[in-house]
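What follows is one structure encoded as structure tokens, with my remarks underneath.
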Amino acid sequence: MLLNVTRHPYSFLGDSKSSRGLAGASVPEGKEPTWHDSLLGYCGNNETARRHAEESMAALGRRAGIELNYNVQTQWQPIDSQRCMLWASRFGKQEAFMNELAPRHFEQQKSASHRATILEAAGAAGLDVEAAAAFLDTDELKKEVWDSYGSTIHEKGIHAIPYFVFNSPLTNAGPFRSGDGTPIIVNGSGSQDEFLEVFETVYRDVKAADAK
């Protein structure tokens, strides 16, 4: 079974130019607060809520073999990293790029908003680093990222991530499509058993479609 993955740039700030206490796109590289500090504002300046959020995410991460590092500098509208994600998809390297970027940001304290981290991840994913740097020097795909920031919240009504939409050969629907059927949607960090059930359902649809 082959999965065709499409990622949509997302920010909890949407396309707002107002930071609401979180570091947005206007914050210069290297000046971003840490993830730990940012979460205090995200949790309404409630330290208990922040602690519970960090403990919950850390527990989920450990179940997947990931040790989250909350000391990484965090920018909540990471335009360049998500531009590079879209650019990488042109070469069939989108997932490889994100697989390299994520551990650097979440575990190795190398911010996904920093140019050096983006280019390091691009090179590790098999992308041309010089071409990636030249791309980042332009404004290409910047509008697409901002448009996605706005549409995912205001049009699609997505206010929490991760947000997975699974279509099969028998469905072509959901917030990003307008076809028939009902997709499977997982909003949040699902368990291995939950995703296994999703893939088994999709596989049954694949077999049913092949039998027609």
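FYI, in the numbering used here the residues of the sequence shown are 1237 to 1448.
Don't be surprised by glycine CBs; every beta carbon is placed ideally from N, CA and C.
Relative to the C-alpha of residue i, which candidate in the options has its C-alpha closest?
i            : options                : result
residue 1362 : 1254, 1324, 1283, 1402 : 1324
residue 1334 : 1357, 1316, 1327, 1310 : 1357
residue 1337 : 1322, 1354, 1345       : 1354
residue 1299 : 1425, 1432, 1448       : 1425
Measuring only the C-alpha atoms, how far is residue i from residue j?
i            : j            : result
residue 1350 : residue 1440 : 43 Å
residue 1274 : residue 1364 : 33 Å
residue 1370 : residue 1320 : 11 Å
residue 1237 : residue 1443 : 10 Å
residue 1277 : residue 1257 : 6 Å
residue 1314 : residue 1448 : 45 Å
residue 1251 : residue 1389 : 9 Å
Residues in its own chain within less than 7 Å of residue i by CB, not counting five upstream and five downstream?
i            : result
residue 1417 : 1406, 1407, 1408, 1409
Where do the ends of the beta strand (DSSP E) carrying residue i lie?
i            : result
residue 1420 : 1420 to 1423
Note the first and the last residue of the continuous alpha helix (DSSP H) segment covering residue i.
i            : result
residue 1442 : 1428 to 1447
residue 1340 : 1330 to 1342
residue 1381 : 1378 to 1390
residue 1263 : Here residue 1263 belongs to no alpha helix (DSSP H), and DSSP marks it neither H nor E.
residue 1285 : 1283 to 1299
residue 1317 : 1315 to 1325
Can you tell me whether residue i is helix, strand or coil according to DSSP?
i            : result
residue 1399 : strand
residue 1309 : strand
residue 1270 : strand
residue 1246 : coil
Which residues in the same chain have their Cβ closer than 8 Å to the Cβ of residue i, if we skip the five residues on either side of it in sequence?
i            : result
residue 1412 : 1242, 1244, 1392, 1401
residue 1346 : 1308, 1340, 1352, 1353, 1356
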